[in-house]
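Inspection log for the structure reproduced underneath, given as structure tokens.
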Amino acid sequence: MTHGHPAALSVAAPGAVSDFPMARRLEAYRWMVLARVIDERALSLQRQGRIGFYAPLAGQEAAQVGAAYGLEADDWIFPAYRELAVALVRGVPLRMIFDQLVGNSADLSRGTQMPNHFAFRAQNFVSTSSPIGTQITQAVGTAMAMQRRAARAVTIAFFGDGATSSNDFHAGLNFAGVFRAPTVFFCQNNQWAISLPRDRQTRSATLAEKASAYGFPGVAVDGNDLDAVYRAVRTARERAIAGEGPTLIEAQVYRFGPHSTSDDPRRYRADSQVAEARARDPVHTLKERLIAEHQLDEAADTKIWEAARAEVAQTFEAAERTPPPEPRTLFENVFAHLTPRLEEQRAAYEHGALEGTGGRP
Ligand SMILES: Cc1ncc(C[n+]2csc(CCOP(=O)(O)OP(=O)(O)O)c2C)c(N)n1
160 MTHGHPAALS
170 VAAPGAVSDF
180 PMARRLEAYR
190 WMVLARVIDE
200 RALSLQRQGR
210 IGFYAPLAGQ
220 EAAQVGAAYG
230 LEADDWIFPA
240 YRELAVALVR
250 GVPLRMIFDQ
260 LVGNSADLSR
270 GTQMPNHFAF
280 RAQNFVSTSS
290 PIGTQITQAV
300 GTAMAMQRRA
310 ARAVTIAFFG
320 DGATSSNDFH
330 AGLNFAGVFR
340 APTVFFCQNN
350 QWAISLPRDR
360 QTRSATLAEK
370 ASAYGFPGVA
380 VDGNDLDAVY
390 RAVRTARERA
400 IAGEGPTLIE
410 AQVYRFGPHS
420 TSDDPRRYRA
430 DSQVAEARAR
440 DPVHTLKERL
450 IAEHQLDEAA
460 DTKIWEAARA
470 EVAQTFEAAE
480 RTPPPEPRTL
490 FENVFAHLTP
500 RLEEQRAAYE
510 HGALEGTGGR
520 P
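For the sequence shown, my numbering begins at 160 and goes up steadily by one.
Dropping the structure here:
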């Protein structure tokens with residue numbers, strides 16, 4: 160098992176900020192269930208050839224939902240490519256997510272972006288970073304701009320264990336430390352960077368301890384524990400707003416599924432390791448807690464899952480029925496002024512010279 164060292168697990172200053180609000184725990188659970196259902200469905204749809212690509216987040220729901228609840232509406236999110244549950248909690252409509260996965264005419268990027276590469280302007284959810292780590296420096300730069308404008312907001316950069324070996328991790332954390340940028344670095348250590356296990360990523364005992372080299376706090380939390388994640392993000396946010404600078408949070412989780420629809424995890428890890436991690440399933444953990452707190456029972460739980468499955472099925476079908484983008488939209492929204500070559504292609508398209516090419520120039 161490649162999990163971090165339990166002895167290093169700590170929760171940021173217990174009691175410094177309040178626990179996850181009791182009244183909103185059931186709501187948080189619903190988001191986690193919805194994320195899990197989307198995940199299962201999207202994997203299956205990709206296998207059926209109905210969407211082109213997907214990066215599952217199963218196993219990381221509590222980390223993402225806990226982090227999202229720790230933020231405020233004015234904060235800016237700099238995601239990697241696995242933060243679908245963060246987008247949900249921020250209020251991105253399910254329909255917009257599926258429009259993007261399908262790449263239809265209602266999609267904000269008109270199908271020109273790869274599926275699963277979201278950007279939601281209204282929710283301050285910045286465009287997905289597929290190049291590992293680039294969002295880290297962008298989050299720091301934006302936080303420094305916020306600082307200069309005296310905005311009472313923070314940026315949060317989401318990234319994985321693999322990203323801690325990137326140039327941008329070093330540049331971003333160093334700058335943030337020096338300039339006390341109001342940034343929260345949120346590392347979801349899901350134990351794998353595609354096929355590379357955590358113990359071959361670094362000899363550091365935890366990823367959180369890397370923060371000490373940059374001169375600010377690093378905390379490792381159990382990413383399956385909604386309350387622990389929420390507290391850590393809340394504390395980091397308050398610190399950032401107070402002008403005390405950034406925090407690195409390492410949420411220790413496990414990626415249950417493949418890295419993406421493009422790989423087969425059974426070629427690089429044992430089923431027994433996955434089974435062991437699944438025993439700490441964050442969705443199940445929260446369910447048990449809600450039952451113990453008398454906020455949920457089995458019948459109500461079944462209804463939550465059924466409602467999520469029905470909503471996902473109906474919404475996806477509606478997105479699938481929406482027509483594809485007009486081919487001419489290929490020439491729009493990329494360049495302010497088309498390059499001469501693209502101008503030629505657009506003119507050829509408009510004159511029907513591209514007929515019989517399936518709309519492709
Ligand atoms: C700069 C760069 N190098 C390599 C890749 C190929 N790549 C895609 S995902 C990935 C692993 C990232 O792992 P991690 O940061 O742990 O995030 P996770 O996928 O586990 O969420 C790599 C190496 C890339 N996208 N960008």
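Glycine is no exception: its CB is placed at the ideal position from the N, C-alpha and C atoms.
Buried or exposed for residue i, going by 16 or more other Cβ atoms inside 10 Å?
i: K369; result: buried
i: Y427; result: exposed
i: E502; result: exposed
i: H510; result: exposed
i: H443; result: exposed
i: Q306; result: buried
i: H418; result: buried
i: A201; result: buried
i: N492; result: exposed
i: Q259; result: buried
i: S431; result: exposed
i: G208; result: exposed
i: S203; result: exposed
i: Q473; result: exposed
i: P484; result: buried
i: S288; result: buried
i: D327; result: buried
i: R414; result: buried
i: F494; result: exposed
i: T461; result: exposed
i: M255; result: buried
Could you pull the DSSP bridge partners for residue i from this structure?
i: L260; result: According to DSSP, which records beta bridges pairwise, L260 is partnered with nothing at all.
i: I291; result: Answer by DSSP bridge pairing: none, since I291 is not bridged.
i: G319; result: Q347
i: S411; result: The question names Ser, but residue 411 in the sequence shown is Gln. According to DSSP, Q411 bridges with N348, D381.
i: I236; result: F284, I315
i: L355; result: A352
i: T481; result: Note: T481 sits in no beta bridge, so no partner.
i: T342; result: T314
i: T444; result: According to DSSP, T444 bridges with nothing at all.
i: F279; result: F284
i: T406; result: V343
Under 7 Å Cβ to Cβ from residue i, same chain only, skipping five residues before and after it: list those, please.
i: V412; result: G218, Q219, A222, Q347, N348, N349, G382, N383
i: V251; result: F279, Q282, F284
i: S325; result: I291, G292
i: L445; result: Y188, M191, A221, L385
i: F490; result: L497, L501, R505
i: Y373; result: L332, N333, G336
i: A194; result: L216, E220, L243, A244, L247
i: A352; result: G319, D320, G321, Q360
Between which residues of its own chain and residue i is the CB-CB distance below 8 Å, once the five residues before and five after are set aside?
i: L157; result: Any answer about residue 157 is impossible in this case: the structure gives the chain only from 160 up to 520.
i: S371; result: G377
i: H164; result: The predicted model places H164 with a pLDDT of 35, which falls under 50 and marks its position as unreliable; any figure quoted below should be read in that light. Within the same chain, H164 has close Cβ partners A364, T365.
i: D233; result: N283, A310, R311, A312
i: W464; result: V192, V196
Within a Cβ cutoff of 6 Å, which residues of the same chain sit near residue i, ignoring the five residues on either side of it in sequence?
i: T420; result: Q205, F212, Y213
i: V265; result: For the sequence presented, residue 265 should be read as Ala rather than Val. Answer for A265: D258, T481, listed in chain order.
i: F475; result: F257
i: A239; result: S288, F317, F318
i: R269; result: P484, T488
i: H276; result: T287
i: H162; result: Confidence is the limiting factor: at H162 the pLDDT is only 40, short of 50, which leaves the residue's position unreliable and the question unanswerable from this model.
Q | Any heavy atom of ligand 1 within less than 5 Å of residue CB: hits in chain order | A | R241, P290, I291, G319, D320, G321, A322, N349, A352, I353
Q) Does the region 399 to 406 come close enough to the region 237 to 245 that 3 or more CB-CB pairs lie under 8 Å? A) no
Q: Examine the Cβ distances between the region 365 to 380 and the region 451 to 458 and report whether three or more of them are shorter than 8 Å.
A: no
Q. Between the region 387 to 401 and the region 331 to 348, do three or more beta carbon pairs fall short of 8 Å?
A. yes
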